[in-house]
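**Student:** The structure that follows is given in the form of structure tokens.
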Amino acid sequence: MVNLVDGWIFSGAAYVRGKASGDVVASDLELSFWGGVDPWTGEVIDRHHPLSGRCLKDHILAIPGGRGSCSGSGVMLELLLNGKGPKAMLFEREEDILTLGVVIAEEVFGQSIPVVTLTPENFRKVVRSAFVEIDGNVVSCSADGLATDAIPAHSKESGDLFGEVELSELDRAYLAGDHGKAAQSAIRIILRMAKLQGAAQLMDVSQVHVDGCIYTGPGSLSFAEKLRDLGGRVVVPTTLNSISVDHRRWRSQGIDPVLGEPASKLGDVYVEMGARPTFTCAPYLLETAPKIGEQVAWAESNAVIYANSVLGARTMKYPDFLDICIALTGRAPLAGPHIDINRKAGLVVSVGNIEDIDDSFYPLLGYHIGALASNLIPAVTGLDQAGPTNDDLKAFGAAFATVSSAPMFHIVGVTPEAKTLDAVVPAGISVPSINLRLDELASSWEELNSAGEERVDLVSLGNPHFSLSEIERLASLCAGRKKHVDVAVVVTCGRATHDKANEAGLIADLERFGVQFVTDTCWCMITDIPTLAKTILTNSGKYAHYGPGITGRRFYFGGIAACVAAACSGMHSKAAPGWLRRA
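Numbering (this note's numbering), first residue to last: 21 to 603.
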């Protein structure tokens, strides 16, 4: 590091090399690009983030890393292809999701921007700067512009794209093109990401869940079509995440063909490559859900969290597009939560005095702990006697994943690897601990309840997709009651769950009440909200966070019972539930 009179020069790790200079848009808080950045304009639309309203175009973006959705890579790709993205990105730690979007743009479309990771000390200098210049791995920052020749030429980094990853005979065959051009492109992308993740070798996976089937714009469709046209076929069982429309019914639902046609076509392209049209963001509800210890490659943030934490399977938080590359080869980096030591807790959170809670407790707790943990895996104590259900853990994990970049959590006495606290805390290492009082959740409650009026126009349920047991509970709560004529109630769920609920007669009962069911897509992909729906009530911590930025609407958050009550009365207040008021 060189201390200049008017700034600093230092080196970092360049995961995508290049030159760039410009004004800095910086924050100490991680940012999810999916639901947090508009792919068409480059505006930060996460209304809970300090950068809300800022535009990334023609700026150097400096953030500690990404968080939230695996689809951030898709948004990154669209921004680069439509000229609305940043000039470069600087991170405080290795960042898989956003870097992968740039790697795809470079490998497939011949466009890229520099991506450099800095030490925490140097990253903080950038955050305090106004202007940054990048050349390879060398970064200079100052209060104003620096001349290009300020960067010493001999300091610039060069090197192998794939690092020192050990290649098997199969990997070499893929790289040589022996298994086709699609697999050849896929293995190049996998190896570049393996280098970033510090993997010494690749490994086999038993299944893949693809999140890249979400339509983020023409780039996402073009990428999939290129792989298909190059002969791409999946070589391991592969399921598909929710897509951006109800594949079977989007026309009858009045979806604009400008979105409906390419979004539906994108799903078709992945099916043509051999993936199953499961179209669910909750693949853990399928009969093909992996077992404890099984090595898989799942994308979709909530699914990754659930697979690692609740099922005890092993997957990284794979970015969109890397998922299909792994499906085409069956090979993935041996890194991250695939390795025992990387599944250990870095934070202990003790929760006390849990009494008479409702189902709003778990998403609210997950959201709050996710913000506390940031990129650390938390071990939560004090919940074993409460006996959280799988639906509770699903809601906890989805909200946790919204604001954390960690790939999993442990709940001592509940999740499979956390029989005891000692089982998930690294031996001989002092791990920070937090005693969390329930009254501290009030701040997260206020954050998720951003609406200011009591009228409710739309009740949104199923983010992540509703399970059969959640549909059963909803039917029980709605039985014998009448929905308010001015309130719409919409549930999203997977095809398989809908079929089971239909066979049980639950769909007909709920449709008589006035519930509408949508399959194949999920609330974070639904942007075509009826104009008259100004205020939305949801039981999802995830949607209550992303929804204001995605839809421009006001949001309430509450439990399922509160959602049904509002559906019947047309009114709701953001008064906290009894358990939180008592705390």
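Where a beta carbon is used, it is the ideal one built from N, C-alpha and C, also for glycine. Here the structure is a predicted model, which is why all the values come from computation and not from measurement.
Quick check on P353: buried or exposed, where buried means 16 or more other Cβ atoms within 10 Å of its Cβ?
**Tutor:** Position 333 of the sequence shown, counted from the first residue, corresponds to residue 353. Label assigned to P353: buried.
**Student:** Taking the beta carbon of L552 as the centre, do at least 16 other beta carbons fall within 10 Å, making it buried, or is it exposed?
**Tutor:** By one-based count along the sequence shown, residue 552 stands at place 532. L552 should be labelled exposed.
**Student:** The alpha helix (DSSP H) that contains N328, what's its start and end?
**Tutor:** As a first step, residue 328 must be located in the sequence shown, where it is residue number 308. From DSSP, N328 is part of no alpha helix (DSSP H); its letter is neither H nor E.
**Student:** Under 8 Å by Cβ, that's how I've got V228 and F151 pegged, so tell me the actual separation to the nearest angstrom.
**Tutor:** On the sequence shown, residue 228 is found 208 positions in, with the first residue counted as 1. On the sequence shown, residue 151 is found 131 positions in, with the first residue counted as 1. The pair is not a contact, with the Cβ atoms about 42 Å apart (cut-off 8 Å).
**Student:** Just list the beta strand (DSSP E) runs in the region 23-94, keeping only unbroken ones of 3 residues or longer that don't cross its boundaries, in chain order.
**Tutor:** As far as the region 23-94 is concerned, its whole beta strand (DSSP E) runs of at least 3 residues are 27-31, 33-36, 39-46, 80-82.
**Student:** Short check: CB of V185 to CB of L216, under 7 Å?
**Tutor:** The residue you call residue 185 lines up with position 165 of the sequence shown. The residue you call residue 216 lines up with position 196 of the sequence shown. No.
**Student:** For the 8 Å Cβ check, are there 3 or more pairs between the region 52-67 and the region 88-96?
**Tutor:** Yes, the region 52-67 is in contact with the region 88-96.
**Student:** Sort G525, E375, T517, S453 by Cα distance to G598 and report the nearest one.
**Tutor:** Taking the sequence shown and counting its residues from 1, the one referred to as residue 598 is at position 578. Among G525, E375, T517, S453, the Cα nearest to that of G598 belongs to E375.
**Student:** Leaving aside the five residues before and after Q209 along the sequence, list all residues of the same chain whose C-beta is less than 8 Å from its C-beta, in chain order.
**Tutor:** Start at 1 with the first residue of the sequence shown, and residue 209 comes out as number 189. In the sequence on display, residue 209 carries Ile and not Gln. So the list reads L120, V123, I124, E127, F341, L342, C345, once near-sequence residues are dropped.
**Student:** CB-CB under 6 Å to Y35, same chain, minus the five flanking residues each way: which ones, in chain order?
**Tutor:** In the sequence shown, counting from the first residue as 1, residue 35 sits at position 15. Counting only Cβ-Cβ distances below 6 Å, and skipping sequence neighbours, we find T119, V135, L216.
**Student:** Of all the alpha helix (DSSP H) runs that stay within the bounds of the region 358-444, which reach a length of 4 or more residues?
**Tutor:** As far as the region 358-444 is concerned, its whole alpha helix (DSSP H) runs of at least 4 residues are 381-393, 410-423.
**Student:** Does DSSP put S593 in a helix, a strand or coil?
**Tutor:** For the purposes of this step, residue 593 is taken as residue 573 along the sequence shown, with counting starting at 1. Reduced to three states, the DSSP call for S593 is coil.
**Student:** Checking 7 Å against the spacing of the C-beta atoms, do T558 and R574 come in under that value?
**Tutor:** One-based indexing of the sequence shown puts residue 558 at position 538. One-based indexing of the sequence shown puts residue 574 at position 554. No; because the gap between Cβ atoms is not below 7 Å, this pair is not in contact.
**Student:** Just the Cα atoms here: how many angstroms apart are R601 and S162?
**Tutor:** The sequence position of residue 601 within the sequence shown is 581, counting from 1. The sequence position of residue 162 within the sequence shown is 142, counting from 1. Between R601 and S162, the C-alpha separation is close to 49 Å.
**Student:** Evaluate the contact criterion for the region 437-446 versus the region 515-527: three or more CB pairs, one atom per stretch, below 8 Å.
**Tutor:** The region 437-446, when compared against the region 515-527, does not touch it at the 8 Å Cβ threshold.
**Student:** Could you check where the alpha helix (DSSP H) with F243 kicks off and where it finishes?
**Tutor:** In the sequence shown, residue 243 corresponds to position 223, counting from 1. Run containing F243: 238-249, per the alpha helix (DSSP H) assignment.
**Student:** For A391, which residues from the same chain have a beta carbon less than 6 Å from its beta carbon, with the 5 sequence-adjacent residues on both sides left out?
**Tutor:** Position 371 of the sequence shown, counted from the first residue, corresponds to residue 391. Here the set comprises V423.
**Student:** Measure the C-alpha to C-alpha separation of A214 and A220 and round it to an integer number of angstroms.
**Tutor:** The count along the sequence shown starts at 1 and reaches residue 214 at position 194. The count along the sequence shown starts at 1 and reaches residue 220 at position 200. Answer to the nearest angstrom: the Cα atoms are 8 Å apart.
**Student:** Tell me the rounded alpha-carbon separation between D540 and F299.
**Tutor:** Here residue 540 refers to the residue found at position 520 when the sequence shown is read from its first residue. Here residue 299 refers to the residue found at position 279 when the sequence shown is read from its first residue. Whole-angstrom Cα-Cα distance: 5 Å.
**Student:** Taking one C-beta from the region 474-486 and one from the region 456-466 each time, how about it: are there three or more such pairs within less than 8 Å?
**Tutor:** Contact fails: fewer than three Cβ-Cβ distances are below 8 Å.
**Student:** Does the Cβ-Cβ distance between V254 and M293 come in under 7 Å?
**Tutor:** Position 234 of the sequence shown, counting from 1, holds the residue named residue 254. Position 273 of the sequence shown, counting from 1, holds the residue named residue 293. Their beta carbons are under 7 Å apart, which means V254 touches M293 by this criterion.
**Student:** Would you kindly check if the distance between the Cβ of V476 and the Cβ of V507 is under 7 Å?
**Tutor:** Translated into the one-based positions of the sequence shown, residue 507 becomes position 487. Translated into the one-based positions of the sequence shown, residue 476 becomes position 456. Taking 7 Å as the Cβ cut-off, V507 and V476 qualify as a contacting pair.
**Student:** Round the Cβ separation of D610 and G433 to the nearest angstrom and send it over; I've been treating them as touching at under 8 Å.
**Tutor:** With the chain covering only 21 through 603, there is no way to say anything about residue 610.
**Student:** With a 10 Å radius around its C-beta and 16 neighbouring C-beta atoms as the bar for buried, classify E473 as buried or exposed.
**Tutor:** Within the sequence shown, numbered from 1, the residue matching residue 473 stands at position 453. So E473 ends up on the exposed side.
**Student:** What does a CB cutoff of less than 6 Å around A46 pick up in its chain, not counting 5 residues either side in sequence?
**Tutor:** Numbered from 1 along the sequence shown, position 26 holds the residue referred to as residue 46. A82, V147.
**Student:** Nearest-angstrom Cα distance between G615 and I133?
**Tutor:** Lying outside 21 to 603, the shown extent of the chain, residue 615 is not represented and no answer is given.
**Student:** Please tell me whether Y304 and Y326 are closer than 7 Å, where the distance is taken between their beta carbons.
**Tutor:** Numbered from 1 along the sequence shown, position 284 holds the residue referred to as residue 304. Numbered from 1 along the sequence shown, position 306 holds the residue referred to as residue 326. Yes; because the gap between Cβ atoms is below 7 Å, this pair is in contact.
**Student:** What residue does the beta strand (DSSP E) around N455 start on, and which one ends it?
**Tutor:** The count along the sequence shown starts at 1 and reaches residue 455 at position 435. Residues 453-456.
**Student:** Relative to the C-alpha of S31, which residue among L222, F53, V158 is closest?
**Tutor:** Mapped onto the sequence shown, residue 31 falls at position 11. The shortest Cα separation from S31 among L222, F53, V158 belongs to V158.
**Student:** May I have a chain-ordered list of the beta strand (DSSP E) segments no shorter than 3 residues that lie completely inside the region 527-583?
**Tutor:** Entirely contained in the region 527-583, the beta strand (DSSP E) runs reaching 3 residues are, in chain order, 535-539, 555-558, 574-577.
**Student:** Do the CB positions of L385 and A203 come within less than 7 Å of each other?
**Tutor:** Along the sequence shown, one-based indexing puts residue 385 at 365. Along the sequence shown, one-based indexing puts residue 203 at 183. Going by C-beta atoms, L385 is not nearer than 7 Å to A203.
**Student:** Pull up the DSSP beta-bridge partners for S151, would you.
**Tutor:** As a working note, residue 151 is residue 131 in the sequence shown. According to the sequence displayed, residue 151 carries Phe and not Ser. In the DSSP output, where bridge partners are listed per residue, F151 has D43, S162.
**Student:** Are L260 and V225 closer than 7 Å when you measure CB to CB?
**Tutor:** The count along the sequence shown starts at 1 and reaches residue 260 at position 240. The count along the sequence shown starts at 1 and reaches residue 225 at position 205. In this structure, V225 does not lie closer than 7 Å to L260 by Cβ.
**Student:** Enumerate in chain order the residues of its own chain whose CB-to-CB distance from A419 is below 6 Å, with the five nearest sequence positions on each side excluded.
**Tutor:** Indexing the sequence shown from 1 puts residue 419 at position 399. P383, G386, Y387, G561, K562, listed in sequence order.
**Student:** Quick check on the DSSP output: the beta strand (DSSP E) that includes G313 runs from which residue to which?
**Tutor:** The count along the sequence shown starts at 1 and reaches residue 313 at position 293. Counting along the chain, G313 falls outside any beta strand (DSSP E), and DSSP gives it neither H nor E.
**Student:** Any chance you could list the beta strand (DSSP E) runs of at least 3 consecutive residues sitting entirely within the region 251-287, in chain order?
**Tutor:** For the region 251-287, whole beta strand (DSSP E) runs of length 3 or above, ordered along the chain, are 258-260.
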